[in-house]
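Chains as they are written, first to last, in this note's numbering: chain E, 4 to 157; chain R, 9 to 432; chain Y, 164 to 737. The structure appears right after this line, and notes come after that.
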Amino acid sequence: MRVKEAISKYGSTPDKLIGAMLAYQRSTPCNYLTEDDIREFASETGLPISRVHSVASFYSLLSTKPRGKYIIQVCYDVPCYVNDSVNVVKDLEKKLRTTMGHTTDDGMFTLEFSSCLGCCDKAPVMQIGDKLYGNLTSEKITEILSAYRRKQHE
Amino acid sequence: MSNINTKKLLTARFGTIDPGSIKDYISSGGYSVLQKALLMNEDEIINEVKASGLKGRGGAGFPTGLKMDSVKQAEGTPKYIICNADEGEPGNFKDRLLMENDPHQIIEGMIICAYATGTRHGYIFIRGEYLKSIRIMEAALEQARVKGYLGDNILDTGFDFDIDVHTGAGSYVCGEEFALLVSIEGKSGRATYKPPFPTTCGLYDKPTQINNVETFCNIPHIIDMGGTEFSKIGTDSSKGTKLICLSGNVINPGLYEVPLGTTVRYIIDELGGGVPNNRAIKMVQLGGASGPVIPEGMLDVKLDFAEMREKDLNFGSGAIIVMDERINVLDILKRIIQFFHHESCGKCTPCREGLTQMLIILDRFIEGTASGQDLALLDVLIETMSQASICGLGQAAPTAVKKVLEYFPEEFNSRIHSMGPVTV
Amino acid sequence: MKMVNIKINNRVVSVPEGTSIINAAKEIGITIPNLCYHPDQEVKANCRVCVVEVEGARTLQASCATEVKEGMVIRTNTNRVRNARKTVIELMLANHDMNCTACKKNNQCSLQEISANLGVRESRFTNVVRDEEIDTSSPSIERNQNKCIKCGRCIQMCSEVQGLGILDYIGRSDDVEVKPAFGWYLGDVACVACGQCSVVCPVAAITEKEDIERVWEAINDPEKFVVVQTAPAVRVSLGEEFGMEPGEIVTGKLVSALRALGFDNVFDTNFTADLTIIEEGHELLQRIQDGGTLPMLTSCSPGWINFIEQYYPELLAHVSSCKSPQQMFGALAKGYYAEKIGKTPDEIFSVSIMPCTAKKYEADRDEMSVDGENPDVDVVLTTRELGKMLKQAGVDFNKLEEDEYDAPFGLSTGAAVIFGATGGVMEAALRTVYEVVTGETLESLDFKMVRGLEGIKEAEVDLAGTIVKVAVAHSLSNARKVMELIKDGKAEYAFIEIMCCPGGCIGGGGQPLGGTDELRLKRIDAIYRADKGLPLRKSHENPAVTQLYEEFLEKPLGEKSHHLLHTHYHSRKH
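Structure follows, in structure tokens:
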């Protein structure tokens, strides 16, 4: 998707900005908004660049730094925390050979802490894209990661 | 323990209908209450809600009938109605389940309220992480339009009303009314001061009714059975049922609908099955990360607005997070404050700087290098943040710390390295 | 007007409905400390310093944001309030570069003042300031993140009043910073250097670039002949830096002060303001007669020029080719005066005292150099800097005797002094153009319809049967409206005066701090009083200007004028 397409699909008024930016970001290979993207959103909506960057820098789901193809959001809030999310994090870091806040060398996965994902009865939980994975164990994590890797080769 | 076996209201359809099918909703009685409401007078509807005693289910507990009345009386058009589905309070998942399992219940509730207050446009503000809920609600709204429950001249009554979904983008503070309004306008979600309140000066400075998902879901039931009948459920100060999100160290975590007045202990033991491996409960947090923590000895407290207030507690949006004896209390507190620190909008001094400082001080206690001064500073921070922050985030963030100091003082006192001089 | 009765600290007060607590308290002589509050801006209520107790409210309330209601009971100084206020200040200081002695705003800082008043000697909290690089990329203003208290006054000024939106809150939580997008340098973004942000900043987060040392160096350099010129607005504002009431006319003391500092000649920009009227008036008449680009737009406000070059370069043909009075002076000082006194141009060091930060940018422009190498104006000092310089020299401004400017650039008219107020250039131009075109003497010299703080003002003048429509705009949000009118072909004016700053130059970015309409109105009043008090009030009656034409320039828009007094602007669109 181009920025112009996102704007024409969602609208160019200020109230449509966040929705347009989220949709546009999802379509980019590295899940982020470049400085030029921000400039273009500003020019298409007539808003100052500082305002568009203010919005992009405020919301956790928007990123101005390149990320991986799949963003793994790991919940770290109290219900998950008392249900072993610390070990989920350690497990993911070990298996993906990267650390929280960073992207794997092959650009496939980015590990991010997430605020509560609203799935506390299945703690510990992580979300990849629009899929929630709960009651995580080391085995389940291995399965999930392989499934995503397999998708890459299809 | 009366009323424990009250039939389910809000969760009645869960698992018995296909949430993607408006036909299923209709054949189970859905939208029949809307038809009844559209034949009622606007004030009649508001009076029923008042009579029901329904209080907001998002945590603030404001009487819903009063709120609707306020919006109806307020000057200025167009009016707005917003369903706050930004459910970001850790421990809560009831709104997600309501959206995913019975989306039309919410819509029906909103339409009835809009009709009663003279509102033409509504939003459902859904947090950006709830991608499935967003899809389901958008599809449900479209189905409702096709059937004529939304749009122009609804069911030939001359009443026009439609609802749009608006998504958040990852910000807990946007669950706070004013930050939510600002976010809908396409800006960063920085809370602003009140008054004026949204009922008179809300979205684009127009009268706006903002309510939680669960609150709107109660509306069709109130109109259906009548406010007085509804008020028979619960207690004197707390009418109706409450959706409880039970999580943490329990055998059966999940969503439970109980009449208000049920005790916390009943929910954990009878419904939740108690703690795995028979471990002891260390503390239970009520409401979510912004809520108070209580020791095992206080679990007989009722989910009752008045009783909670008497005990300087509150149950917020109804989450109950059980933590067993294995936890490190200070570590949990740090996690909670880190959450608020990450989510603070950064606009006002006490919250923005206070949370940073609180983390620094908590670390000293965790490392065992704290002094008596640090204990005094924690008190100062708790007081200043709860008294001087602009919005509920800053005001409520230190609650768990405050309650640990009150109920588990040894957790802090045992980590003091040396008392030292104290400046207050 | 409905009045309400309230109690503040047990005293009954009666104030109009809708008054905020902070203003109600003022009525009984209580100043509630505040930082983010600004009387002319939207309430922000984020600093939380001004919190007070309101009976019945669970939490403390921001007094700037709370309107009084009948029967309200307010307490501004209980233990609860004082403790909260002190803690808020300590929290602010914990994220602040607390080295006051090394700070540009030492003794002029609101945070410092409040801390001192509250008795806050230290912050009990850990200092977490991040020691960020100071942005010195702009020739006019400097941004220091380590001093910022995130009050947002600069954001409102830049977004609402100037309509530019260069600054915003970037980030969240304690990562929040007030800066341009991506933290880009001010010199790299479409900032116009107007300095309005620096006028409202309560601390040292945004300040003007300081060039005082360069002037000391020149004054103490025996090889340099240092001349200084003073803008119209300075003479009605400088007194504020020394405790005088806003609106005191201090022209004589100003000259005295500059002599006391050691300048070799003290000249007046007002002289070249009169000159500008002659040149610009003739340029306007020529455009009207020859069908040149109309409406013609004034060009003496460099913040405005920076604006049109970066935002509406396609309309540059409308701008007058006249240099600003500052630069006309600079060109004359080096290209005419030097020879007159037997010096070479680079022996002349030319300083200007301006109410303006954008003038620093203007002086540095490549075009503003007659010999192509040395700037015509070497250093621009703002009114605030002159105040500091005088304090450095221990000059007691209040005790100075009156003195007069030097010839040949010291004589000026009332038409020149009114340049300092919005509408002044227009009025000055009309006084001359009217008499030149009609050959008649103006009955009244006061064109009151172009005066005052209304954003865009219009007037019609009958010039020998032809009705000429003119307009006046001040602050860039209004300039933008005018630009859009021109673009849409709806600007049926012959001549438009545009000033970058609200109120005109008296509201400039280099003026004494505050940036309130109250201050602007008092200074504007002084400008028109100064005008009335002068023996000559029309630029074309200035004998020194006439003499300059006779001796040197020959005629308006002549070859010498074009070489020294006119220029071209160009597109700098990002």
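C-beta: ideal position from N, C-alpha, C; glycine also.
Using a Cβ-Cβ cut-off of 7 Å, Y:Thr289 is close to Gln365, Ile368 of chain R, given in chain order. Secondary structure at Y:Ala654: coil, using DSSP grouped into helix, strand and coil. The region 123-139 of chain R makes contact with the region 86-96 of chain R; the number of CB pairs closer than 8 Å reaches 3 or more. With respect to the 8 Å criterion, Y:Gln490 and Y:Glu525 are classified as neighbours on the basis of their beta carbons.
Chain E places no beta carbon closer than 8 Å to that of R:Leu311, leaving this residue out of the contacts. Contact of Y:Gly615 with chain E is not assigned, every C-beta pair being separated by 8 Å or more.
For E:Pro82, the chain R residues whose Cβ falls inside 7 Å of its Cβ are Pro98, Gly99, Ser255, Gly256, Ile329, in order along the chain. By the CB criterion at 8 Å, Y:Ala367 and Y:Lys268 fall inside the cutoff.
Taking the CA atoms as reference points, Y:Glu660 sits about 12 Å from Y:Leu447. Within the region 343-377 of chain Y, the residues whose Cβ lies closer than 7 Å to any Cβ of chain E are, in chain order, Pro343, Ala344, Phe345. Interface annotation for the region 41-54 of chain E against chain Y: Ile41, Pro51, Ile52, Ser53, Arg54, criterion Cβ-Cβ distance under 7 Å. Among the bridge pairs identified by DSSP, E:Thr107 is matched with none.
When R:Ala396, R:Ala408, R:Met118 are compared, the shortest CA-CA separation from Y:Ala247 is found for R:Ala396. Of all residues in the region 13-39 of chain E, the ones placed with a Cβ closer than 8 Å to any Cβ belonging to chain R are Thr16, Pro17, Asp18, Lys19, Leu20, Ile21, Gly22, Met24, Leu25, in chain order. In the structure shown, Y:Gly444 adopts helical secondary structure according to DSSP, grouped into three states. Identification of chain Y residues near E:Phe116 by a Cβ-Cβ cut-off of 8 Å yields none; the smallest Cβ-Cβ distance measures about 14 Å. Under the three-state reduction of DSSP output, E:Arg29 falls in the helix class. Here R:Thr208 really is in contact with R:Pro215; their C-beta atoms are around 6 Å apart, less than 8 Å. When C-beta atoms of the region 296-305 of chain R are compared with those of the region 322-332 of chain R, three or more pairs fall below 8 Å, so the two segments count as touching. Apart from sequence neighbours up to five positions away, the residues of its chain that approach Y:Ser226 with a beta-carbon distance below 6 Å are Ile184, Ile185, Ile195, Cys213, Val215, ordered along the chain. In terms of Cα proximity to R:Gly400, the closest of R:Cys356, R:Thr431, R:Leu413, R:Arg423 is R:Cys356. Interface annotation for the region 114-143 of chain E against chain R: Phe116, Ser117, Ser118, Cys119, Leu120, Gly121, Cys122, Cys123, Asp124, Lys125, Ala126, Gln130, Gly132, Asp133, Lys134, Leu135, criterion Cβ-Cβ distance under 9 Å.
Straight through space, the alpha carbons of E:Ser60 and E:Ser66 are spaced by roughly 7 Å. The CB of Y:Ile333 comes closer than 7 Å to the CB of His56, Ser57, Ser60 in chain E, given here in chain order. With distances taken between CA atoms, Y:Pro202 lies nearest to Y:Met320 out of Y:Glu621, Y:Met320, Y:Val175. Here Y:Ala570 is exposed, its C-beta having fewer than 16 other C-beta atoms within 10 Å.
The criterion of a C-beta distance shorter than 8 Å is not satisfied by R:Ile119 and R:Lys80. Taking the beta carbon of R:His349 as reference, the chain Y residues within 9 Å of it are Ser336, Asp337, listed in sequence order. With respect to chain Y, the C-beta atom of R:Cys182 has no partner C-beta closer than 8 Å. Y:Thr629 is bridged by DSSP to Y:Leu626. For the C-beta of Y:Cys210, the chain R residues within less than 7 Å are, from N- to C-terminus, Thr357. Listed in chain order, the alpha helix (DSSP H) elements of length 4 or more contained wholly in the region 266-297 of chain Y are 273-281. Of all residues in the region 640-655 of chain Y, none has a C-beta nearer than 7 Å to a C-beta of chain R. For E:Phe44, the uninterrupted alpha helix (DSSP H) segment begins and ends at 38-48. Shown here, Y:Gly402 sits in a helix according to DSSP, grouped into three states. With fewer than 16 other Cβ atoms from the protein chains shown falling within 10 Å of its own Cβ, R:Pro417 counts as exposed.
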